[in-house]
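See below for the structure under consideration.
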Amino acid sequence: MLKLKFCLSTLIFMSINAQAYFIASNTEKIDSTKPTHIMMAGKADKLGELFLHSLLTKSQVIKEKYPENQLVIIGRNEDQDFIARSGFKIIESNSMMLKEKALEDVIDLLQNIRSLDIYAHSNAAQGIVIDKNMLTGQLLNEKDGLWDKLPSKISKDTYIMIHGCNSGVKLGPELAKKLRIAVLAALTGTDFQNIYSDSFWTQEYNASKDKISPSNKISYSEEKVCRKGFCTRMKPDNSSYKGHWGDWSEGGYPTFKIFCGSNVNSDCAKGAIEALLSFPSVLPASYVNSIDRFKDIVQDFLCPFGFSTEKQNECKKNLEASLVNKNYANYSPFRGQTLNCDFERCFAHFKCNPITISINPGACKLKNERPGPNATFTNEYKFLIEGFGKH
Numbered sequence: 007m008l009k010l011k012f013c014l015s016t017l018i019f020m021s022i023n024a025q026a027y028f029i030a031s032n033t034e035k036i037d038s039t040k041p042t043h044i045m046m047a048g049k050a051d052k053l054g055e056l057f058l059h060s061l062l063t064k065s066q067v068i069k070e071k072y073p074e075n076q077l078v079i080i081g082r083n084e085d086q087d088f089i090a091r092s093g094f095k096i097i098e099s100n101s102m103m104l105k106e107k108a109l110e111d112v113i114d115l116l117q118n119i120r121s122l123d124i125y126a127h128s129n130a131a132q133g134i135v136i137d138k139n140m141l142t143g144q145l146l147n148e149k150d151g152l153w154d155k156l157p158s159k160i161s162k163d164t165y166i167m168i169h170g171c172n173s174g175v176k177l178g179p180e181l182a183k184k185l186r187i188a189v190l191a192a193l194t195g196t197d198f199q200n201i202y203s204d205s206f207w208t209q210e211y212n213a214s215k216d217k218i219s220p221s222n223k224i225s226y227s228e229e230k231v232c233r234k235g236f237c238t239r240m241k242p243d244n245s246s247y248k249g250h251w252g253d254w255s256e257g258g259y260p261t262f263k264i265f266c267g268s269n270v271n272s273d274c275a276k277g278a279i280e281a282l283l284s285f286p287s288v289l290p291a292s293y294v295n296s297i298d299r300f301k302d303i304v305q306d307f308l309c310p311f312g313f314s315t316e317k318q319n320e321c322k323k324n325l326e327a328s329l330v331n332k333n334y335a336n337y338s339p340f341r342g343q344t345l346n347c348d349f350e351r352c353f354a355h356f357k358c359n360p361i362t363i364s365i366n367p368g369a370c371k372l373k374n375e376r377p378g379p380n381a382t383f384t385n386e387y388k389f390l391i392e393g394f395g396k397h
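Going by our numbering, the first residue of the sequence shown is number 7, and it counts up by one from there.
So, in structure tokens, the structure goes:
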């Protein structure tokens, strides 16, 4: 089976008709005082309902973890019926394109925002592309004024997770710096995973390659990892990005990178842990009542080898060893050069001038500023394990 890649390859807009957007919730009307999780799905292009499946899978995890909390979903009208059939109430249906103002209006309504998840195409040059037509694209990036409205509405353990490609180069670090909360973002392409027998997640192409039959998928009625038939999540690829936006072979990172805005933000681990416990994983969040079970969640999040028990166990073993043995400090499972990062930024930048972006984006590249072995991956593990001890 061919691998489903969804990084935005071009801003050639395929429809001349402006698309409308909707706002939905798990409540009859939006309660401004309730703790709220905002989820946004952008235009999927050829990906069909995969953004929605990923969003709804995570929404089930959040509802299990916080049954009293409010979920608000923002999306394009062509996805409205799908969301309504999934049990959400349509609060508003608008004739405008989905743009940053839709998110801004929701933020204006709320007083207690617990998380923001965005499922959309993204790239290092423009940010998140939430909608588009033949004439224009609607972008969301670090320059938008809506982010200035968030500080009074978030808590120390609020997090933002951007599920699209390459948003960890600039957008993720800049949002973390502006808001001083945990922001999780990718430093390569991202893909879709489903869960199979023995509670492991992998892309369909890995399952096909390793001769794993789709009939071995976990039964939703028997397992509590998935709910209502939705069992899809998005994870970064375990290889450097190479595509429409150029050759990124100088570096990447095997999972979503956590950014805190600075290296002295002691509260950031709270949001990062909330993000992991709300992410579809090998255990429901309600089962995580010990450090060992939390490690199962963290290792699943960090290690990219769900399709191979041997490789997954090697990754787990090396992470554990890094806690006590400095010889394992530079371990990384990434197939390529692991970027050197701290919790403020990764020491790399997207190299491309405006003219090249317009006429030949394939000539762009990711420039690694500090190549060589580093402890970025194992530092992330230590950060989360130590944070759980204080959680």
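Think of the CB as a built atom: it goes at the ideal place given N, C-alpha and C, for glycine as much as any other residue.
Anyone know if the C-beta pair for residue i and residue j falls short of 7 Å?
i: Lys183; j: Gly267; result: yes
i: Ser173; j: Ile97; result: no
i: Phe265; j: Val189; result: yes
i: Asp137; j: Met103; result: yes
i: Ala47; j: Ser101; result: no
i: Leu146; j: Ile134; result: yes
i: Phe349; j: Asn269; result: yes
i: Glu70; j: Tyr165; result: no
i: Gly81; j: Phe28; result: yes
i: Phe313; j: Thr208; result: yes
When DSSP builds the beta bridges, which residues end up paired with residue i?
i: Ser128; result: Ile134
i: Lys263; result: Ala191
i: Arg82; result: Tyr27
i: Thr164; result: Its beta-bridge partners do not exist; DSSP assigns none.
i: His466; result: This structure cannot speak to residue 466, because the chain is shown only from 7 to 397.
Can you look up residue i in the DSSP assignment and give me helix, strand or coil?
i: Ser221; result: Low confidence applies to Ser221: its pLDDT is 38, below 50, so where it sits in the model is not reliable, and the reading given next is rough at best. Helix, per DSSP.
i: Tyr226; result: At Tyr226, the pLDDT of 35 sits below 50, so the modelled position is not reliable; the number obtained from the coordinates is stated separately. The answer is coil: DSSP assigns Tyr226 none of H, G, I, E or B.
i: His250; result: coil
i: Cys347; result: strand
i: Asp197; result: strand
i: Phe394; result: helix
i: Ala213; result: With a pLDDT of only 49 at Ala213, under the threshold of 50, the placement of this residue in the model should not be trusted; the figure read from the coordinates follows. In this structure, Ala213 counts as helix in the three-state DSSP scheme.
i: Gly258; result: strand
i: Glu98; result: strand
i: Thr142; result: coil
i: Phe340; result: coil
i: Asp150; result: coil
Pick out whichever of the options has its Cα sitting closest to the Cα of residue i.
i: Lys162; options: Lys322, Gly143, Pro73 and Ser272; result: Ser272
i: Pro179; options: Ala291, Arg351, Ile201 and Ala47; result: Arg351
i: Gly249; options: Val112, Gly195 and Asp111; result: Gly195
i: Asp302; options: Ser287, Ser101, Glu386 and Gly378; result: Ser287
i: Asn336; options: Pro377, Ser364, Arg239 and Glu392; result: Pro377
i: Phe307; options: Asn319, Phe285, Glu326 and Glu320; result: Phe285
i: Asn139; options: Glu148, Val304 and Lys49; result: Lys49
i: Tyr387; options: Pro242, Ala90 and Thr261; result: Thr261
i: Phe206; options: Ile168, Asn319, Leu177 and Lys95; result: Asn319
i: Asp197; options: Glu74, Cys171, Leu177 and Leu185; result: Cys171
i: Ala126; options: Phe236, Met45 and Gly393; result: Met45
Residue i CB to nearest chain B CB: under 7 Å?
i: Glu84; result: Looking for chain B here will not work: only one protein chain is present.
Might you give, ordered along the chain, the residues of its own chain that have their beta carbon closer than 7 Å to the beta carbon of residue i, omitting 5 neighbours on each side?
i: Leu116; result: Ser38, Thr42 and Lys159
i: Ser246; result: Thr194, Trp254, Ser255, Gly257, Gly258 and Gly342
i: Met152; result: The sequence given here places Leu at residue 152; Met does not occur at that position. Here the set comprises Glu106, Leu109, Glu110 and Ile113.
i: Pro379; result: Asn336
i: Asn324; result: Tyr334 and Tyr337
Skipping 5 residues on each side, what residues in its chain have a beta carbon closer than 8 Å to that of residue i?
i: Gly3; result: Residue 3 is absent from the structure shown; the chain starts at 7 and stops at 397.
i: Arg299; result: Leu289 and Tyr293
i: Ile363; result: Ala131 and Cys370
For residue i, I'd like the list of residues in its chain whose CB is within less than 6 Å of its CB, leaving aside the five on either flank, ordered along the chain.
i: Lys105; result: Gln144
i: Asn374; result: Glu256, Gly257 and Ala354
i: Lys357; result: Lys371 and Lys373
i: Ala278; result: Ala188 and Ile264
i: Lys317; result: Phe311
i: Leu77; result: Asn32, His43 and Ser65
i: Ala291; result: Lys71 and Leu283
i: Leu368; result: The displayed chain sequence assigns Gly, not Leu, to residue 368. The answer, listed in chain order, is Gly252.
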